[in-house]
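Presented below is the structure to which this report refers.
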Amino acid sequence: MYDGQKLDLLLAKFEDIQDTLQMFMPNLQLKRNVLTFLDITEPTFNYYIKNAVLEEGLHYEKVGKNKLRFIPEAIIAFKKSGIKRQAEIKKPLKVEIEEKPVILSNPNARKIFEKMKRVG
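Under our numbering, think of the first position of the sequence shown as 493, with each following residue one higher.
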């Protein structure tokens with residue numbers, strides 16, 4: 493077998509594998525399939541759209557007023573790039589702490605807290 497024949501055989505096998513994979517690939521133009529494929533929830537998806545993690549024109553197109561059509565190649569590239577993990581931004585936790593007088597019955601604990609107040 494010549495090199496050219498080997499290359500033709502490899503190309504034919506590659507195309508056969510590619511066709512087989514296409515049979516199992518979900519329709520990535522639909523939102524529910526994109527959610528499943530990316531393994532994300534609807535709130536995460538909405539966050540990605542709102543904060544342009546999934547970009548209009550790159551990952552999806554608007555069809556009508558409230559309908560989106562996704563670009564399968566871009567969704568696959570998005571998943572391959574691992575952006576899902578990077579896109580999860582930790583939001584700063586805003587907690588307001590109100591100071592309440594603490595009544596301690598243990599005199600040693602009371603002394604420790606009084607010292608902490610002076611230091612802080």
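Every residue, glycine too, gets a C-beta built ideally from N, C-alpha and C.
Computed from a prediction, not measured in an experiment: that's the story for all the values here.
Unbroken beta strand (DSSP E) run spanning residue i, endpoints
i    : result
K559 : K559 to F562
E547 : That residue, E547, is in no beta strand (DSSP E); it is neither H nor E in DSSP.
Distance CB(residue i)-CB(residue j) smaller than 9 angstroms
i    : j    : result
I532 : H551 : no
K554 : L560 : yes
L520 : F529 : yes
L501 : M493 : yes
F562 : K523 : yes
Whole-Å CB distance - residue i paired with residue j, under 8 angstroms assumed
i    : j    : result
F537 : L527 : 6 angstroms
N525 : P518 : 4 angstroms
Start-to-end residues for the alpha helix (DSSP H) that takes in residue i
i    : result
N598 : Unbroken run through N598: none, as it is neither H nor E.
T533 : Where T533 is concerned, there is no enclosing alpha helix (DSSP H), given that its DSSP letter is neither H nor E.
Handout entry: 4 or more residues per run - each alpha helix (DSSP H) lying fully within the segment 495-531
Key = 495-516 and 523-530
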